[in-house]
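One structure below.
Set out below in structure tokens:
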């Protein structure tokens, strides 16, 4: 599948900018920003072990079954959870965010990277992001 299909309806989306995003208190709202994305770390994508229900950190090894009192998950399993520090910038400003597991997987799909997140390094990701951005600007 062509990774650019993910952005196929972008002309129909209301565009925002970093300044609007910084001043919004709505954590559920989705913002469409035309700008630059830079990954801020080096090495491999960070992960922690967390609850498969609420994503809270658990000091354990991966794959342990448990009942988690914090979220009430009666069939919990400790699972790798990924986090990625990114910078989003446009002409109105710069915003640093942390993207968690679901967004990390979405980014890997868009970039057509088939490895698991813990096998992908930031240099590879930044190179793919720059390539994708230049493809989008040339269309």
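Residue numbers (this note's numbering): 1478 to 1616.
Note that CB positions come from ideal geometry on N, CA and C, so glycine has one too.
CB contact flag (residue i, residue j, <8 angstroms)
i	j	result
residue 1555	residue 1538	yes
residue 1609	residue 1588	yes
residue 1640	residue 1597	Past the boundaries of the shown model lies residue 1640; the chain is included only from 1478 to 1616, so the question cannot be answered.
residue 1542	residue 1553	yes
Residue i - containing alpha helix (DSSP H), residue span
i	result
residue 1580	1578-1587
residue 1495	1495-1500
Separation of residue j from residue i, as counted between CA atoms
i	j	result
residue 1512	residue 1533	31 angstroms
residue 1510	residue 1523	25 angstroms
residue 1566	residue 1492	14 angstroms
residue 1559	residue 1527	10 angstroms
residue 1574	residue 1599	15 angstroms
Nearest to residue i (by Cα), restricted to the options the options
i	options	result
residue 1593	1494, 1565, 1581 and 1516	1581
residue 1500	1531, 1569 and 1596	1569
residue 1595	1540, 1498, 1574 and 1520	1520
Range of the contiguous beta strand (DSSP E) that encloses residue i
i	result
residue 1534	Counting along the chain, residue 1534 falls outside any beta strand (DSSP E), and DSSP gives it neither H nor E.
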